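In my numbering, the protein residues as written are 67 to 296. Think of the CB as a built atom: it goes at the ideal place given N, C-alpha and C, for glycine as much as any other residue. The structure displayed is predicted, hence computed values, not measured ones. Note sheet for the following structure.
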């Protein structure tokens with residue numbers, strides 16, 4: 067049976083390369099894009115704006131109607147600049163709502179990747195956010211409240227996304243689903259800029275590692291190039 071992956075933010079950069087690589091390996095790739103014409107060749111466009119809950123629900127409804135099975139979900143779409151609320155809507159609330167909505171379609175032993183950033187290291191965040199994300203009682207509901215408050219900007223949003231990966235990992239562990247936060251590193255994309263030291267291919271390879279983990283692999287961790295990072 068052909069494996070199927072849904073990847074958001076595939077119109078360019080890392081998401082596009084991850085989609086291309088998986089498609090070249092025989093995966094059926096569903097490309098989550100805002101404009102269907104921007105989906106990479108060899109993939110199936112799925113129109114979704116991860117910053118809009120109604121768009122996420124519309125996608126879930128379409129997948130439900132065709133009884134879609136997903137072997138991998140890559141929450142890659144993200145924004146770096148802009149109003150804090152917009153950043154958190156796309157970087158945190160979007161992945162939370164999308165993962166929750168698509169959870170019924172995830173096959174046993176599926177893989178879920180939250181594309182994070184080393185800038186989101188918890189130790190580098192404001193004290194108040196560190197306290198909230200370090201709380202042993204942290205829940206997805208609390209992450210959702212944080213997203214609506216939108217404290218700070220990009221760095222803080224990625225710290226919350228990393229914490230979210232840990233929570234989903236625990237929730238989905240009984241089904242053998244591995245959930246990890248993966249940093250592609252500082253990559254030469256529109257977001258990373260031309261002076262970044264890593265190529266798009268290198269960044270995508272880090273993400274692909276999380277998609278292609280073997281059964282019994284790590285879950286709930288934060289990794290870059292297959293190595294755990296703080």
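- In the structure shown, residue 295 adopts coil according to DSSP, grouped into three states.
- Between the segment 200-219 and the segment 227-245, the count of C-beta pairs closer than 8 Å reaches three or more; the two stretches touch.
- Counting along the chain, residue 172 sits inside the beta strand (DSSP E) bounded by residues 172-181.
- Residue 283 carries a coil assignment under DSSP once its states are collapsed to helix, strand and coil.
- The beta carbon of residue 87 lies closer than 7 Å to those of 270 and 274 in the same chain, with the five residues before and after it left out.
- Counting along the chain, residue 98 sits inside the beta strand (DSSP E) bounded by residues 94-99.
- Taking 8 Å as the upper bound for CB-CB distance, residue 176 and residue 199 are not in contact here, some 25 Å apart.
- For residue 180 and residue 140, the gap between their C-alpha atoms comes out near 6 Å.
- Apart from the 5 residues on each side of it in sequence, residue 196 sits with its Cβ closer than 7 Å to the Cβ of 188 in its chain, given in chain order.
- Its chain contains 150, 151 and 154 as the residues whose beta carbon lies nearer than 6 Å to that of residue 216, once the 5 sequence neighbours on both sides are disregarded; these appear in chain order.
- Taking the CA atoms as reference points, residue 78 sits about 24 Å from residue 288.
- With a threshold of 16 other beta carbon atoms within 10 Å, residue 261 falls short and is exposed.
- For residue 248, the enclosing beta strand (DSSP E) has its first and last residue at 244-248.
- Residue nearest to residue 91 within the set 185, 71 and 98 is 71 (criterion: CA-CA distance).
- The beta-carbon separation of residue 266 and residue 253, rounded to 6 Å, stays under the 8 Å limit for a contact.
- DSSP places residue 139 in the uninterrupted beta strand (DSSP E) bounded by 136-141.
- For residue 268, the enclosing alpha helix (DSSP H) covers residues 266-277.
- In the structure shown, residue 91 adopts coil according to DSSP, grouped into three states.
- By the Cβ-count criterion, residue 116 is buried, with 16 or more other Cβ atoms from all chains shown falling within 10 Å of its own Cβ.
- DSSP places residue 204 outside both helix and strand once states are collapsed to three, so it counts as coil.
- For residue 120, the enclosing alpha helix (DSSP H) begins and ends at 119-131.
- Counting other Cβ atoms within 10 Å of its Cβ, residue 126 reaches 16 or more and is therefore classed as buried.
- Membership of residue 71 in the beta strand (DSSP E) is indicated by the continuous run 70-74.
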